[in-house]
Amino acid sequence: MSASKFYDVLLAPVVSEKSTLVNEQANQYVFKVSRAATKDDVKNAIELFFKVNVKAVQILNRKGKEKRYGRTVGRRNHEKKAYISLEDGQTINLGGEA
422 MSASKFYDVL LAPVVSEKST LVNEQANQYV FKVSRAATKD DVKNAIELFF
472 KVNVKAVQIL NRKGKEKRYG RTVGRRNHEK KAYISLEDGQ TINLGGEA
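In the working numbering, the protein residues as written are 422 to 519.
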């Protein structure tokens, strides 16, 4: 499979208090991924870009909230996140670590 397909799979790492806690406790990393991405796509993209072995991938679909702007009702975009578990002893450097 071509590597160019996987450039559209991973959108951004999620850096929040919850994702940091999950990283410390379970050695999992959280990424925002494309809404069309599958578990296999995410696994192959992580292994290709970060040169690590992925143990498991869990996908979370989050629906966008409905918001009101005066009389107008709008909706935030839907989002898909992936929780990636790595093999023991492997890490991903997201650039914020010293």
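Yeah, the Cβ is synthetic: ideal placement off N, Cα and C, and Gly gets one too.
Note that the structure is a prediction, hence the values are computed from the model and not measured.
Mapping DSSP to helix, strand and coil, what is residue i?
i    : result
K488 : strand
E468 : helix
A424 : helix
V463 : helix
R496 : strand
Where does the unbroken beta strand (DSSP E) through residue i begin, and where does it stop?
i    : result
A433 : 431-434
E500 : 500-507
N482 : 475-483
What's the call for residue i, buried or exposed, on a 16-neighbour Cβ count within 10 Å?
i    : result
Q511 : exposed
I505 : buried
Q446 : exposed
Considering just the uninterrupted stretch of the alpha helix (DSSP H) at residue i, what are its terminal residues?
i    : result
Q446 : 438-447
Going by beta carbon distance, what residues of the same chain come within less than 6 angstroms of residue i, once the five residues before and after it are set aside?
i    : result
F452 : L431, P434, A503
A519 : At A519, the pLDDT of 49 sits below 50, so the modelled position is not reliable; the number obtained from the coordinates is stated separately. Result list for A519: empty, nothing under 6 angstroms.
For the ligand ATP, I want to know if residue i counts as a neighbour, meaning its beta carbon is within less than 7 angstroms of at least one of the ligand's heavy atoms.
i    : result
F471 : As far as ligands go, the structure on display features none, and thus does not contain the ligand ATP.
- [ ] Inspect the CB distances between the segment 432-440 and the segment 467-486 and report whether three or more fall short of 8 angstroms.
- [x] no
Task: Inter-stretch contact (C-beta, 8 angstroms, three-pair minimum) for the segment 476-496 and the segment 423-430 - done: no
- [ ] Check whether the segment 490-498 touches the segment 460-472, taking contact to mean three or more Cβ pairs, one atom from each stretch, closer than 8 angstroms.
- [x] no
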